[in-house]
Amino acid sequence: MTTWTCKALIASLALGFLGACDATTLGQPAVDAGEPQALGRVALAKGAVTLVPPQGFCIDRSSIKPRFALMARCDALGAPASSSIGAPVALITVSLLEAAASAPLPTPAQTATAANLVKVSNPSDAKDMILYRAEGPVPVAGLDPRHWRGTARAGGFILGVALYGPPDSRAQSDEGRDIVRELIARTIAAN
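Going left to right, the sequence shown walks through residues -23 to -1, 1 to 168 as mature numbering (1 follows the signal peptide of the UniProt record, and there is no 0) numbers them.
Below, the structure is given as structure tokens:
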């Protein structure tokens, strides 16, 4: 029974995390041209999870799906340049997977298997989140396949975060890990 539970978790992760990678290519929701594209927070999963971006980043309104959102520097989404001071160039994806409160967070190895990742390194397992580096497919050309990832629990869901940056950029350094940690901490605090 334990083995099946693990396989089911991995299958679910594959659908959730790989689905998030494809979300930017799916049909986009209609967006009023007068509405701002850069959002400071958004409710996902029918309001079960409030997603809060890290300092200098905003949520791209046009990317929002029920369990997915994409973030970038606020100025890249049309907000004033002053709103992104100090933030590195990066693209952040967040996906949600419904999970029982008793279900453990997936390990970096389980997520790597589900999302076709390799070279998992630098794992750090805190009380409420797991952070690590990995290498795998990128959502858009020009980003380094090496990226930071994180998982945590928020509002009855497992939060999967991936932060991508250009090769040899600040997002590739430990600063990228700190940004993922901040996003997770802010989101947990909002829930």
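Where is the CB? At the ideal position from N, CA and C, for every residue including glycine.
Here the structure is a predicted model, which is why all the values come from computation and not from measurement.
Worksheet item: Can you name the residues that DSSP bridges to R126?
Response: Paired residue(s): Y109, A139.
Worksheet entry | DSSP three-state assignment for R147, whether helix, strand or coil | In this structure, R147 counts as helix in the three-state DSSP scheme.
Item to complete: Can you say whether G17 is buried or exposed, counting buried as having 16 or more other CB atoms within 10 angstroms of its CB?
Response: With fewer than 16 other beta carbons inside 10 angstroms of its own, G17 counts as exposed.
Discussion item. So for P85, helix, strand or coil by DSSP?
Written reply: Residue state for P85 is assigned as helix, using DSSP reduced to three classes.
Item to complete: Count the other CB atoms, across all protein chains shown, that sit within 10 Å of the CB of V95; report buried if there are 16 or more and exposed otherwise.
Response: By the 10 Å Cβ count, V95 comes out exposed.
Worksheet item: Under a three-way DSSP split, which group does D37 fall into?
Response: DSSP, read as helix, strand or coil, puts D37 in strand.
Worksheet item: Is there contact here, the stretch 134 to 141 with the stretch 70 to 85, by at least three beta-carbon pairs under 8 Å?
Response: Under the three-pair Cβ rule at 8 Å, the stretch 134 to 141 counts as touching the stretch 70 to 85.
Worksheet item: Is DSSP giving L60 helix, strand or coil here?
Response: This sequence places Ser at residue 60; Leu is not what is there. S60: helix per DSSP, three-state reduction.
Worksheet item: Straight-line CA distance for D9 to G63?
Response: With a pLDDT of 47 at D9, under the threshold of 50, the predicted position of this residue should be treated as unreliable, though the coordinate-derived value follows. Going by the C-alpha atoms only, they are around 30 Å apart.
Worksheet item: In its own chain, which residues sit with a C-beta less than 6 Å from the C-beta of A131, not counting the 5 before and 5 after it?
Response: Cβ-Cβ distances below 6 Å link A131 to V26, T164, I165, N168 in the same chain, with the five nearest sequence neighbours on each side left out; the list follows chain order.
Discussion item. Quick check on L73 - is its C-beta less than 8 Å from some C-beta in chain B?
Written reply: In the structure shown, chain B does not exist; there is a single protein chain.
Item to complete: Would you decide whether G119 is buried or exposed? Buried here means 16 or more other CB atoms lie within 10 Å of its CB.
Response: It counts as exposed.
Worksheet item: Can you name the start and end residues of the beta strand (DSSP E) that S79 belongs to?
Response: In this chain, S79 is not harboured by any beta strand (DSSP E), its DSSP state being neither H nor E.
Worksheet item: Out of V115, K42, A46, K23, which has the shortest C-alpha to C-alpha gap to F34?
Response: Comparing Cα-Cα distances from F34 to each of V115, K42, A46, K23, the minimum goes to A46.
Worksheet item: If we count the other Cβ atoms within 10 Å of its Cβ and call it buried at 16 or more, is S98 buried or exposed?
Response: Answer is exposed; the Cβ neighbour count stays below 16.
Worksheet entry | Simplified DSSP state of R163, which is helix, strand or coil | Reduced to three states, the DSSP call for R163 is helix.
Discussion item. With H, G and I counted as helix, E and B as strand and the rest as coil, what does DSSP make of L120?
Written reply: In the structure shown, L120 sits in coil (DSSP, three-state: anything other than H, G, I, E or B).
Practice prompt. Work out the CA separation of R50 and Y109 for me, nearest whole Å.
Written response: C-alpha separation (whole angstroms): 22 Å.
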